[in-house]
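From first to last, the protein sequence lines are chains U and F.
Offset between the first sequence (1-based) and the working numbering: plus 1077.
So in the working numbering, spot 109 of the second sequence is number 104, and the numbers just go up one at a time.
Glycine included, C-beta positions come from ideal geometry on N, C-alpha and C.
Remember, it's a predicted structure, so these values are computed and weren't measured experimentally.
These notes concern the structure reproduced below.
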Amino acid sequence: DTAVSQTPKYLVTQMGNDKSIKCEQNLGHDTMYWYKQDSKKFLKIMFSYNNKELIINETVPNRFSPKSPDKAHLNLHINSLELGDSAVYFCASSVDMGTQYFGPGTRLLVL
Amino acid sequence: GENVEQHPSTLSVQEGDSAVIKCTYSDSASNYFPWYKQELGKGPQLIIDIRSNVGEKKDQRIAVTLNKTAKHFSLHITETQPEDSAVYFCAASGGAGGTSYGKLTFGQGTILTVHP
């Protein structure tokens, strides 16, 4: 049973395209997050939703738009992809901003 | 905002030796300190965490210590095994009502290699 799952696992696309990454958790958690891990392995939070409400919104270009249709899902849509968007994107979830559990990651490569 | 520094960036040990990774944080309001292990091609996996009302926590071969006064915390792995080889991250976040509540700030990571 997968706790936090992400699709797709790999995403290769051209500059300027629009793409979405999906995340689902079956842990019954009420808070979900998106993190970006760059080529140097540095992990940085992007967004957090609690009960479908945006709680954390770091300094992220507005080309990135998270959407939470329900507590179990948090999707990330990226418009006009740039080379610098290439990274691994991790979804995570927790109970009320507590201990966070991460998904397997989506490896995005922008050509 | 919070800043977390992690050292060393790489650590190489022989199987059976101990490994210690250290982190310092800047925000005295931080009160939650998890450690994650990330294996190649996988997501970070929580291995141990500690809250600011506790000075030390142990789980089998893994232990974490916290010095709130000095604002640093450390991960100790004893009797290392080759399968401990991975990237380890420390992180810090604040309590309810604070600006860093639920927002994990990660250290830069430590690549641990355990040689058989």
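#1: Using a cut-off of 8 Å between C-beta atoms, extract the partners of Pro29/F located in chain U.
#2: How do the stretch 1128 to 1140 of chain U and the stretch 1177 to 1186 of chain U stand: do at least 3 beta-carbon pairs fall below 8 Å, yes or no?
#3: Could you tell me which residues DSSP puts in a beta bridge with Met1109/U?
#4: For the stretch 3 to 11 of chain F and the stretch 65 to 76 of chain F, state whether three or more C-beta atom pairs, one from each stretch, are separated by less than 8 Å.
#5: Find the residues of chain F that neighbour Ile1133/U, judging by a C-beta separation of less than 8 Å, and give them in chain order.
#6: Which same chain residues end up closer than 6 Å to Ile106/F when comparing Cβ atoms and leaving out the 5 residues on each side of it in sequence?
#7: Leaving out five residues on either side along the sequence, give the residues of the same chain with a beta carbon under 6 Å from the beta carbon of His110/F.
#8: With three or more beta-carbon pairs closer than 8 Å as the criterion, would you say the stretch 1090 to 1099 of chain U touches the stretch 1112 to 1121 of chain U?
#9: Among Leu1185/U, Lys1148/U, Ser1170/U, which one has its Cα closest to the Cα of Leu41/F?
#10: Counting only beta-carbon atoms, is Val82/F nearer than 8 Å to chain U?
#11: Report the residue from Phe28/F, Gln55/F, Ser23/F whose alpha carbon sits nearest the alpha carbon of Lys17/F.
#12: Checking the sheet assignment: what are the DSSP bridge partners for Ala58/F?
#13: Under 9 Å between beta-carbons, which chain F residues line up against Gly1105/U? List them in chain order, please.
#14: Can you tell me which of the three DSSP states Leu6/F falls into?
#15: Which residues of chain U have a Cβ atom closer than 7 Å to the Cβ of Lys37/F, listed in chain order?
#16: Cβ atoms of Cys1168/U and Tyr1110/U: under 8 Å apart, would you say?
#17: Taking Cβ-Cβ distances below 7 Å as the criterion, which residues of the stretch 43 to 65 of chain F are in contact with chain U?
#18: With a threshold of 8 Å between beta-carbons, can Leu41/F be considered close to chain U, or not?
#19: What residues of chain U sit near Gln9/F, judged by a beta carbon separation below 7 Å?
#20: What three-state label does DSSP hand Gly89/F in the structure shown?
Here's the rundown:
#1: Thr1176, Gln1177
#2: no
#3: Tyr1126/U, Ser1170/U
#4: yes
#5: Gly97, Lys98
#6: Thr5, Val82
#7: Gln9
#8: no
#9: Comparing alpha-carbon positions, the option among Leu1185/U, Lys1148/U, Ser1170/U lying closest to Leu41/F turns out to be Ser1170/U.
#10: Chain U has a Cβ within less than 8 Å of the Cβ of Val82/F.
#11: Phe28/F
#12: Lys53/F, His71/F
#13: Here the premise fails: no neighbours, minimum Cβ distance about 17 Å.
#14: Leu6/F: strand per DSSP, three-state reduction.
#15: Pro1181
#16: yes
#17: Within the stretch 43 to 65 of chain F, the residues whose Cβ lies closer than 7 Å to any Cβ of chain U are, in chain order, Asp44.
#18: yes
#19: Within 7 Å Cβ-Cβ: nothing; Gln9/F doesn't reach chain U, min ~24 Å.
#20: strand
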